[in-house]
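2 protein chains.
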Amino acid sequence: MLPSDDAPVTAPSDVERGSGVALWRQIVERIEADIHEGHLAPGTRLPTEMELAERFGVNRHTLRRALATLNEQGLIEATPGRGTFVKEPPIRYPISSRTRFSEIVSGEGRAPSGRLIGSRVEPASAEIATALRLPPGSDVLRIDMLREADGVPITAGSHWYEAERCRDLDLLVAATGSVTRALETLGLGDYRRLETRITARLADEEDRRLLSLPAGRTVMVVEAINGDPQRRPIQFSRARFAADRVQLVVKN
Amino acid sequence: MLPSDDAPVTAPSDVERGSGVALWRQIVERIEADIHEGHLAPGTRLPTEMELAERFGVNRHTLRRALATLNEQGLIEATPGRGTFVKEPPIRYPISSRTRFSEIVSGEGRAPSGRLIGSRVEPASAEIATALRLPPGSDVLRIDMLREADGVPITAGSHWYEAERCRDLDLLVAATGSVTRALETLGLGDYRRLETRITARLADEEDRRLLSLPAGRTVMVVEAINGDPQRRPIQFSRARFAADRVQLVVKN
DNA sequence: AAACATTTGTGCGTATGTATC
DNA sequence: TGATACATACGCACAAATGTT
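Those sequence lines, one after another, are chains A and B. Each residue of the first sequence is one higher than the last, beginning at 1 in UniProt numbering. Each residue of the second sequence is one higher than the last, beginning at 1 in UniProt numbering.
Put into structure tokens, the structure is as follows:
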């Protein structure tokens, strides 16, 4: 069975044996390059493992080792019975003084949506009190949300507000599905991002459930402080982003 | 054997049974709070699992479930035979127009060091050519480095420079262990960060080897473009940060 | 070097509550 | 109302890593 003409690039057999670099690693680098150069567009289906193995002149096990690495890197995704596909590139998510989920997602040509998961008033922990510059233990309103682009979950997280200043904000969020619009209604539409802190970790059960992630994926944990035009903190948030669906971008 | 007086907080048995919230989850929240409030300082050793289980009045398995969650969250770390410890907080790593590894690490009161892993001249991939605004395939100098704070690996990555403009930069980096100082010698000390892109993924074998990470940890993949004062790109870099040792911070 | 205690890591079996069909 | 599946919780035993004597 000869390779068809419309097959993706991943050029035929140019791996060097005994070059000191493992065959599977050479294959990783070739396919990686093909994806980065744009020869393999997002959504493209790769040839079957058997076919690829033949082209590179290696055993299917060797090829699978390469595909496993590319999968770990988040570049491809394999489904039994369907094939292996080049993944869609992540949403570019700019972090700036004016960071708004819905605007960013719209700007990427995708449809944003938000869903209220829950809300309650609770005493502020030391961390949240510091961020919001409130006395520790003050009442804060906590709002848990899930946010999606084209129905795909992007981020899930909690937002904390000074309870007194933001009465009924949770109802407004539930009604509009948007924090921005809810804050506008309260006359706080002009908020701006003051600080953003970013770490990452393995997605736990809850992350996976909320964000519909398979096991072994990672989330970026993004803490943010938003304030009013006078830079007084209004909101502290801690959200988990599906790491392989988002790329955070900082411009200076 | 009674608990000693100097034992950490994690108050004795105040978990509610049949409250609708699983016991292990209540324990997570208590210890989490103790860490965040500062009652459990970084580096503190927690009581043994047996002891904690007794204090909370639960089975050791139940307690272990709570510890596993805290471990996933990166708050604690356990070693067989030694015990369970509250982790040191991550280095705060500000991303700004003037982002310098050594300055940041020094500013955190830690000793920065850098080690050259390798370097070579290679043709620019499409991505790198775009970032550096060079014709695709131009010669670029690639420098691979590992950077540490107090001897602990923080980040490993590649830096690409226009080959012509940065001749012998690799030798300077090898000599000084610092990209900043090497660039200064070439009269390019005044570079500034133009753009930063951040994603995250599970650490692969190479990441784990370079960064001395145990299996299952995550890395943040940070791509950066640095330019001269006229905002002409000088350097493109792609580095992997040990996610549980660093918190990237963006101020607006 | 060898024996030992301490502590976390892992496995098995069992019982109970809770949500779902 | 069952029937079923799943998460929670407990008890006991042993393996593996570490530090000390």
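Just so you know, even glycine gets a beta-carbon here, dropped at the ideal spot from N, CA and C. For clarity, every value in this text was computed on a predicted model and none was experimentally measured.
Residue i (DSSP reduced to helix, strand or coil)
{"i": "Pro12/A", "result": "With a pLDDT of 48 at Pro12/A, under the threshold of 50, the modelled position of that residue is not reliable, and no figure is offered here."}
{"i": "Glu195/A", "result": "strand"}
{"i": "Thr84/A", "result": "strand"}
{"i": "Glu72/B", "result": "helix"}
{"i": "Arg120/A", "result": "strand"}
{"i": "Ser113/B", "result": "strand"}
{"i": "Thr48/A", "result": "coil"}
{"i": "His159/B", "result": "strand"}
{"i": "Glu37/A", "result": "helix"}
{"i": "Ser106/B", "result": "helix"}
{"i": "Val58/A", "result": "coil"}
{"i": "Thr99/B", "result": "coil"}
{"i": "Leu213/A", "result": "coil"}
{"i": "Arg133/B", "result": "coil"}
{"i": "Glu164/A", "result": "coil"}
{"i": "Val21/B", "result": "coil"}
{"i": "Gln26/B", "result": "helix"}
{"i": "Leu172/A", "result": "helix"}
{"i": "Ala53/A", "result": "helix"}
{"i": "Leu2/B", "result": "Unreliable positioning characterises Leu2/B in this predicted model, as indicated by a pLDDT of 31, which lies under 50. The coordinate reading is nonetheless provided below. Three-state DSSP puts Leu2/B in coil, outside helix and strand."}
{"i": "Arg201/A", "result": "strand"}
{"i": "Leu186/A", "result": "coil"}
{"i": "Tyr150/A", "result": "The question names Tyr, but residue 150/A is Asp in the sequence shown. Here Asp150/A sits in coil by DSSP."}
{"i": "Ala243/A", "result": "coil"}
{"i": "Asp228/B", "result": "coil"}
CB contact check: residue i to chain B, cutoff 8 Å
{"i": "Ile234/A", "result": "no"}
{"i": "Arg100/A", "result": "no"}
{"i": "Val250/A", "result": "yes"}
{"i": "Ser4/A", "result": "Bear in mind that a pLDDT of 36 at Ser4/A, under 50, signals an unreliable position, so the number given afterwards is only what the model happens to contain. With 8 Å as the cut-off, Ser4/A does not count as an interface residue toward chain B."}
{"i": "Met1/A", "result": "No answer about Met1/A holds up, because its pLDDT of 34 lies below 50 and its placement is not dependable."}
Test: residue i CB closer than 8 Å to a CB of chain A
{"i": "Gln247/B", "result": "yes"}
{"i": "Ile95/B", "result": "yes"}
{"i": "residue 281/B", "result": "This structure gives no information on residue 281/B, because the portion of chain B shown stretches from 1 to 252."}
Residue i versus residue j - alpha carbon distance
{"i": "Ala11/A", "j": "Val140/B", "result": "Caution is warranted here: a pLDDT of 48 is assigned to Ala11/A, below 50, making its placement in the model unreliable, and the coordinate value is therefore given only provisionally. Cα to Cα, Ala11/A sits roughly 23 Å from Val140/B."}
{"i": "Arg25/B", "j": "Arg60/B", "result": "14 Å"}
{"i": "Arg64/B", "j": "Lys87/B", "result": "17 Å"}
{"i": "Thr69/A", "j": "Leu134/A", "result": "47 Å"}
{"i": "Arg167/B", "j": "Val173/B", "result": "12 Å"}
{"i": "Leu210/B", "j": "Val219/A", "result": "22 Å"}
{"i": "Leu75/B", "j": "Glu37/B", "result": "13 Å"}
{"i": "Arg192/A", "j": "Ser97/A", "result": "5 Å"}
{"i": "Leu248/A", "j": "Arg92/A", "result": "6 Å"}
{"i": "Thr130/A", "j": "Gly109/A", "result": "37 Å"}
{"i": "Ala78/A", "j": "Met50/A", "result": "14 Å"}
{"i": "Arg208/B", "j": "Ala111/A", "result": "38 Å"}
{"i": "Arg100/B", "j": "Thr180/B", "result": "7 Å"}
{"i": "Ser106/B", "j": "Ala33/B", "result": "30 Å"}
{"i": "Met1/B", "j": "Gly18/B", "result": "Confidence at Met1/B is low in this model, with a pLDDT of 32, below 50, so its placement is unreliable and the value that follows should be read with caution. C-alpha separation (whole angstroms): 29 Å."}
{"i": "Arg240/B", "j": "Pro214/B", "result": "15 Å"}
{"i": "Val28/B", "j": "Glu223/B", "result": "35 Å"}
{"i": "Leu40/A", "j": "Glu184/A", "result": "43 Å"}
{"i": "Thr62/A", "j": "Arg245/B", "result": "34 Å"}
{"i": "Arg238/B", "j": "Gly57/B", "result": "49 Å"}
{"i": "Asp6/A", "j": "Gly151/B", "result": "For Asp6/A, the predicted structure reports a pLDDT of 38, less than 50, and the residue's modelled location is therefore unreliable. A value from the coordinates is still provided. Rounded to whole angstroms, Asp6/A to Gly151/B spans 51 Å at the Cα level."}
{"i": "Glu127/B", "j": "Thr176/A", "result": "40 Å"}
{"i": "Glu122/B", "j": "Pro136/B", "result": "11 Å"}
{"i": "Val221/A", "j": "Thr199/A", "result": "5 Å"}
{"i": "Ser102/B", "j": "Ala149/B", "result": "9 Å"}
Q | the segment 230 to 237 of chain A in contact with the segment 156 to 167 of chain A per 3-pair CB rule at 8 Å | A | yes
Q. Between the segment 105 to 125 of chain A and the segment 149 to 157 of chain A, do at least 3 Cβ pairs fall closer than 8 Å?
A. yes
Q) Does the segment 127 to 145 of chain A touch the segment 72 to 92 of chain A, meaning 3 or more C-beta pairs lie closer than 8 Å? A) Not touching, per the Cβ criterion.
Q) For the UniProt domain "HTH gntR-type" (21 to 89) of chain A, which residues have a CB atom closer than 8 Å to at least one CB atom of chain B, in sequence order? A) Those residues of the UniProt domain "HTH gntR-type" (21 to 89) of chain A that come within reach of chain B (Cβ to Cβ, closer than 8 Å) are Ala33, His36, Glu37, Gly38, Thr69, Glu72, Gln73 and Gly74.
Q: Using a Cβ-Cβ cut-off of less than 8 Å, list which residues of the segment 172 to 203 of chain B approach chain A; keep chain order.
A: Arg192, Arg193, Leu194, Glu195, Thr196, Arg197, Ile198, Thr199, Ala200, Arg201 and Leu202
Q. Taking a cut of 8 Å between CB atoms, which residues from the segment 109 to 134 of chain A lie near chain B?
A. The segment 109 to 134 of chain A vs chain B, Cβ under 8 Å: Ser125, Ala126 and Glu127.
Q) Looking at chain B, which residues of the segment 149 to 164 of chain A have a Cβ within less than 9 Å of any of its Cβ atoms? A) none
Q. Which residues, in chain order, does the segment 210 to 225 of chain B contribute to contact with chain A at a C-beta distance below 7 Å?
A. Gly216, Thr218 and Met220
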